[in-house]
Amino acid sequence: MNRARPGAAPIDPVTRARDLGPAIAAAADEIEASQLIPEPLLTRIHDARLARMLLPRSAGGDQVDPWTYLHAIEEVGRHDASVAWNLFVANSAALIAPFIPLETAREIWSDARTIISWGPPNRNTARAVPGGYLLSGEWDFASGSRQANWMGAHCQVTEPDGTLRANRFGRPTIRTLLFRKEHTQPVANWNTIGLRGTASEGYRVTGLFVPEAFSGTREDPSLRRETGTLYAFTMQGLYAVGVAGVAFGIARAMLDSLHSLAAEKIPRGLQRLADSPVLQDGIARREAVLGSARAWLVDILKEVSATADDVVPIDLAARVRVRLGCAHAIHSAAEVADYVYKAAGTSAIFLGTPFERRFRDMHTLSQQIQARESHFEAVGRAMFNGDPDELFL
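In terms of the numbering used here, the sequence shown opens at residue 12 and continues consecutively.
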C-alpha cells in the first residue's frame with residue numbers, strides 16, 4: 012500500500028508514469044541524440060514526483076513500497092530506457108536521506124526539482140578536517156548529472172594522522188559527501204553503444220570543503236535515523252530493484268513490438284511470421300520467462316516488506332532473497348531481449364526500429380554491477396555458509 016502524505020491525494024506513481032508514456036516515447040530520439048531530457052518533459056516528470064518515490068516523507072518524498080517503485084520504473088522503461096535509468100539513479104540517490112541529518116535532507120530536497128547524481132566509489136579519498144572534509148578527485152558514471160542540481164562523492168576518509176577511517180566491520184569506511192552541482196566540472200566521457208540518453212559522464216571536484224552535516228555513510232543499514240520498512244531494505248538491494256525495473260521495461264517493450272511485427276511481416280519465401288509455430292512457441296516461452304521473473308520478484312519484495320521491522324534492517328536471508336530475485340529478473344529480461352532481436356530478423360537491425368536502441372540499451376544495462384553473473388555465486392555462498400557478504404550490506 013502506498014501511504015499519502017498528510018492531506019495529500021493517494022500516491023500512484025505507476026499511473027503517473029503511464030500517463031507520461033506518450034510524451035517520453037515522443038522525446039526518445041531527442042534524448043538519445045542530445046543526452047538531455049528536454050522541456051517540458053523534465054518539468055512533467057518532476058510534477059509527477061517520479062524522482063521522489065524512495066525519498067522519506069519527512070524530507071518531502073513519497074516513500075512508496077518497493078514493488079510500486081519497480082512497476083513505475085518499468086512503466087517508464089517501456090517508453091525510454093535512459094529516462095527510466097536516470098529516475099532509478101535519482102531515487103537510489105534519495106536513499107542517502109535516512110543517513111544524513113533531517114535538517115540537511117530537508118534543505119537539499121526543499122527544491123521540488125532536486126536530483127542528486129553521483130558515481131561509484133573509486134580510489135579517491137576525502138581528508139578529514141575540522142568541521143567536515145576536504146575533497147578533490149574525479150568520478151565517473153554519474154547518470155542523470157545533466158538534470159541534477161546536487162552531486163555526491165563516495166570515498167574513503169583519511170584521518171589527520173594519515174590513517175583510513177574504519178567502519179564497525181573493521182574495513183575502510185565509505186562516506187558519501189553531498190554538494191551543489193556548481194562545485195563540479197563535468198567530464199564529457201559518455202560515448203557508449205546504449206543508454207546514451209543517460210549522459211552518465213564523469214565529474215571533477217577540486218579542493219572543496221564539505222561540512223560534516225552534508226555527509227553520511229550508506230554502507231551500514233543500522234546507522235539510519237529514518238524508520239520504516241522501506242529503509243529496512245539495504246540500499247544495494249533497492250538499487251537492484253531499480254535496475255530490474257528498467258530491464259523489465261525494455262524487455263516488455265521489445266516483446267510487444269515483436270507481437271506487432273509478427274502480425275504484419277511475411278519473410279521472403281515463408282508464411283506470415285505470426286503463423287510460424289517456431290515463433291508462436293518462442294514468444295509464449297518468453298512471455299512465461301518475463302512474467303514469472305517479474306511475479307517472483309514482486310512476491311519476494313512483498314514478503315520481505317511484510318516481515319520487515321520499522322527499525323531493524325532485514326536479515327541476511329531476506330537480503331539474499333532480494334538479491335537473487337533481482338539478479339534473476341535482470342538476466343531473464345536480457346534473455347528475452349536477445350530472443351526478440353533474433354526473432355525480428357532484419358527488421359531489428361536498422362536505426363530507428365523499435366528493437367535496435369532497446370537492444371543496445373539492454374546490453375549496456377547488462378554490463379552494470381547489478382547485472383553481474385557473480386551475484387548468483389554470492390547468493391549460493393551465503394545460502395551454504397551463512398556468511399555476510401558486502402553485496403548484501
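Just so it is clear, CB atoms sit at the ideal spot from N, CA and C, and this is done for glycine as well. Just so it is clear, the structure is predicted and the values come from calculations on it, not from any experiment.
Original post:
Which residues in the same chain have their Cβ closer than 8 angstroms to the Cβ of L301, if we skip the five residues on either side of it in sequence?
Top reply: F259, A262, R263, L266, S343, A344 and V347
Original post:
What residue range is occupied by the uninterrupted alpha helix (DSSP H) comprising W150?
Top reply: Taken as a continuous stretch (DSSP letters only), W150 belongs to no alpha helix (DSSP H), being part of the beta strand (DSSP E) at G143 to A153.
**OP:** Would you list the one or two residues that DSSP bridges to W129?
**Re:** G163
Original post:
Could you give the distance in angstroms between the alpha-carbon of P324 and the alpha-carbon of L53?
Top reply: 34 angstroms
Original post:
Taking DSSP as the reference, what is the three-state secondary structure of P112?
Top reply: coil
Subject >> F366 classed as buried or exposed, judged by whether at least 16 other C-beta atoms fall within 10 angstroms >> reply: buried
Original post:
Would the beta-carbon of S45 be found less than 7 angstroms away from any heavy atom of the ligand ATP?
Top reply: With respect to small molecules bound, the structure shown includes none, and the ligand ATP cannot be examined in it.
Subject >> beta strand (DSSP E) segment containing E212, residue limits >> reply: E212 to P222
Original post:
What do you get for A15, buried or exposed, if any count of 16 or more other CB atoms within 10 angstroms of its CB means buried?
Top reply: Note that A15 scores a pLDDT of 48, beneath 50, so its modelled location is shaky; the value from the coordinates is reported in the next line. Exposed.
**OP:** Could you check the C-alpha separation between Q74 and I35 for me, to the nearest Å?
**Re:** 24 angstroms
**OP:** Pick out the complete alpha helix (DSSP H) segments inside the region 232–284, 4 residues or longer, and give them in chain order.
**Re:** 246–275
**OP:** Below 7 angstroms CB to CB, which residues in the same chain sit around R29 once its five sequence neighbours on both sides are set aside?
**Re:** E86
**OP:** Mind reading off the beta-carbon distance from I48 to G253? Whole number of angstroms is fine, and I expect it under 8 angstroms.
**Re:** Between G253 and I48 the Cβ distance is about 17 angstroms, and since that is not below 8 angstroms, they are no contact.
Original post:
Would you report the Cα separation of E388 and Q196, rounded to the nearest angstrom?
Top reply: 39 angstroms
**OP:** Mind the definition here: the region 348–355 touches the region 281–301 only if three or more C-beta pairs lie below 8 angstroms; say whether that holds.
**Re:** yes
Original post:
Taking the alpha carbon of Y144 as the point to measure from, which residue in W120, A328 and L188 has its own alpha carbon closest?
Top reply: L188
**OP:** Would you mind giving the Cβ-Cβ distance between T228 and F110, rounded to the nearest angstrom? I have them listed as a contact below 8 angstroms.
**Re:** 6 angstroms
**OP:** Identify, in the order they occur along the chain, each residue of the same chain with its Cβ nearer than 8 angstroms to the Cβ of H405, setting aside the five sequence neighbours on each side.
**Re:** Outside the displayed range of the chain (12 to 404) lies residue 405, so it cannot be described from this structure.
Original post:
Does DSSP put R208 in a helix, a strand or coil?
Top reply: The sequence shown places Gly at residue 208, not Arg. DSSP places G208 in helix when its eight states are reduced to three.
Subject >> P222, buried or exposed, once every other Cβ within 10 Å from all chains shown has been counted against 16 >> reply: exposed
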